[in-house]
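Undergrad: Once you've had a glance at the structure underneath, I'll fire off some questions.
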Amino acid sequence: CRPFRPQTKGKVEALARTVERLMVFNYEFTDVQELKQIIYELMQDLNGSVSQAIHNKPTVLLKEELPILAPIHRLELLSYVSRNKRLLRKVSMESMVQYQNAKYSVPVKYIGKEVTLDIRRDNLFVWYGDKCIRTHPISEKALNYQREDSLEILRSDVFKYLEDEELERFVDDNLHAYDDL
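Read in UniProt numbering, the sequence shown has 18 at position 18, and its numbers run on one by one without any break.
Below you can see the structure in the form of structure tokens.
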């Protein structure tokens, strides 16, 4: 409950009351099934009691509203409990996106466009619409280029006068130097 925030008071008090009702069990259950049974009985009790907020029993209101409730889409629920994170980023002029103090390369044609970063375990997936345009392992290095992105970036700008072999040699040398940073 935050000071001077009356809208949080009821939520905190209701939660505190519920936890207080569970405390009488004092962790005295023998297995997971017994804990589930305790929680089920508490849930039945709470849903069968008149709520101060709605002045009715939640079970009664559920029966009335059930016909008009829309189904819940499982995929939408997953976004709340998933360990995967999705973030929006704008691709910089250097054809990079930033995530956790590190920059990751993407193809040049996405400069200025908004992309979605999908973080799964130790990998960063960069999406444009429904297309995965780049994948990187999450790294603590400041700059994370994929070779083809580096070639494309330099070919489109500063080093467009170089032959392909020279440019590839330059990129390979510099990518090794970036790794040493």
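Backbone N, C-alpha and C define an ideal beta-carbon position, used for all residues, glycine too.
Measuring only the C-alpha atoms, how far is Val106 from Asp164?
TA: C-alpha separation (whole angstroms): 20 Å.
Undergrad: Per DSSP, which residues does Lys131 bridge with? Please list them.
TA: Tyr128
Undergrad: Taking the beta strand (DSSP E) that Val97 belongs to, which residues open and close that run?
TA: Met96 to Tyr99
Undergrad: Going by alpha carbons, who is nearest to Thr135 out of Asp118, Lys141, Asn56 and Ala70?
TA: The candidate whose alpha carbon is nearest that of Thr135 is Asp118.
Undergrad: Shortest alpha-carbon distance to Thr59 belongs to which of Gln98, Ile68 and Met43?
TA: Comparing Cα positions, the closest option is Met43.
Undergrad: Starting from Lys63, trace the alpha helix (DSSP H) in both directions and tell me its first and last residue.
TA: Pro58 to Glu65 is the span of the alpha helix (DSSP H), which, as asked, contains Lys63.
Undergrad: Taking only three categories from DSSP, how would you classify Cys1?
TA: Low confidence applies to Cys1: its pLDDT is 47, below 50, so where it sits in the model is not reliable enough to give any reading.
Undergrad: Residues in its own chain within less than 8 Å of Gln146 by CB, not counting five upstream and five downstream?
TA: Ser105, Arg134 and His136
Undergrad: According to the Cβ coordinates, are Val115 and Ser95 closer than 8 Å?
TA: no
Undergrad: Over what stretch of residues does the alpha helix (DSSP H) that includes Lys36 continue unbroken?
TA: Val32 to Gly48
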